[in-house]
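As structure tokens, the structure follows; a few thoughts come after it.
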Amino acid sequence: MSLFAIGDTHLSFGVDKPMNIFRGWDNYEKRLEDNWNKIVEPDDTVVIAGDISWAMDINDALEDFRFLDRLNGTKIIMKGNHDYWWATKSKTEKFLADNGIESVKILFNNAYRVGDYTVCGTRGWFFDCPKDADKKVLLREAGRLKLSLEAAEKLGGEPIIFLHYPPVSLTQTCDEIYNVVIESGAKICCYGHLHGASLNWAFNGERDGVNFKLISADYLEFCPKLIVK
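Under this note's numbering, the first residue of the sequence shown carries the number 39, and numbering increases by one thereafter.
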């Protein structure tokens with residue numbers, strides 16, 4: 039029972055939002071499906087760290103959920119900055135159940151035990167928050183990460199943190215989120231969001247005892263990354 043991760047699947051089976059206009063995204067759904075099912079077994083878990091679907095409404099995301107449901111393993115999904123379809127956890131869970139989608143779980147102010155590890159996390163936010171409204175969102179995201187970590191502690195197991203936004207780059211640190219990560223005692227923190235030229239500023243490696251891993255789908259060439267066995 040292994041734990042994998044990938045971010046930014048940007049599925050659009052229910053809306054007209056093609057990704058092949060971007061370099062490296064040609065035929066990405068088929069590449070993702072083939073790569074996924076080659077390495078992920080039915081009893082494995084894959085965390086998808088945000089930007090799941092381009093749908094604006096949850097009903098328009100149904101075909102994207104059906105696509106994910108057909109892939110091997112359990113999927114734990116979390117919110118990204120482009121997940122405008124995102125509803126409350128209870129509403130989304132009801133929508134999934136009503137449509138027979140059984141392998142997708144929602145990570146939002148909670149945590150999930152996966153073998154000896156516990157999956158926790160939140161969306162995160164930008165590095166620089168000059169506006170008061172942005173600052174409020176950032177502090178709320180830091181609070182949500184703390185709630186998720188508290189839920190993880192109750193479940194036991196070693197926590198692994200997943201974020202959509204990067205908490206650190208080669209030049210900047212989002213202190214409000216980063217400090218929670220460091221103080222949590224987690225040894226692994228995975229994040230997505232970055233594409234194209236921004237990949238040049240991504241931090242991959244160990245800092246303050248935490249191994250930070252970039253897991254954007256295009257960065258991983260549309261193949262889920264093994265986090266722990």
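Heads up, the beta-carbon is just placed ideally off N, CA and C, and yes, glycines get one too.
None of the values given here were measured: they were computed from a predicted structure.
Tell me the DSSP bridge mates of residue i?
i, result
"V175", "Paired residues: none, contrary to the question."
"K143", "I114"
Enumerate in chain order the residues of its own chain whose CB-to-CB distance from residue i is below 6 Å, with the five nearest sequence positions on each side excluded.
i, result
"Y122", "M94"
"I96", "W123, A125 and F133"
Note down the Cα distance separating residue i from residue j, rounded to an integer number of angstroms.
i, j, result
"A135", "L106", "14 Å"
"H202", "L183", "12 Å"
"K263", "I198", "14 Å"
"G153", "F60", "37 Å"
"K113", "K143", "6 Å"
"D213", "P205", "8 Å"
"A235", "A255", "15 Å"
"T83", "C167", "34 Å"
"D246", "I220", "7 Å"
"K129", "T156", "24 Å"
Report yes if the CB atom of residue i is closer than 9 Å to the CB atom of residue j, and no otherwise.
i, j, result
"A87", "G230", "yes"
"S91", "S40", "no"
"N242", "F250", "yes"
"L193", "Y150", "yes"
"I145", "G162", "Inspection of the sequence shows that residue 145 is occupied by Leu rather than by Ile. No. Outside cutoff."
Flag residue i as yes when its Cβ comes closer than 8 Å to any non-hydrogen atom of the ligand FAD, and as no otherwise.
i, result
"Y203", "Summarising the ligand content, the structure contains no ligands, and the ligand FAD is consequently not present."
Residues in its own chain within less than 8 Å of residue i by CB, not counting five upstream and five downstream?
i, result
"N137", "L100, F103 and R104"
Spatial neighbours of residue i within its chain, please: C-beta separation below 7 Å, excluding the five flanking residues on both sides.
i, result
"A180", "E214, I215 and V218"
"I44", "V84, I86, I253, A255, L258, P262 and K263"
Can you give, in chain order, each stretch of the beta strand (DSSP E) that sits fully within the segment 223–254 and has at least 3 residues? Runs of the beta strand (DSSP E) lying entirely within the segment 223–254, each at least 3 residues long, are 226–229, 243–245 and 248–252 in chain order.
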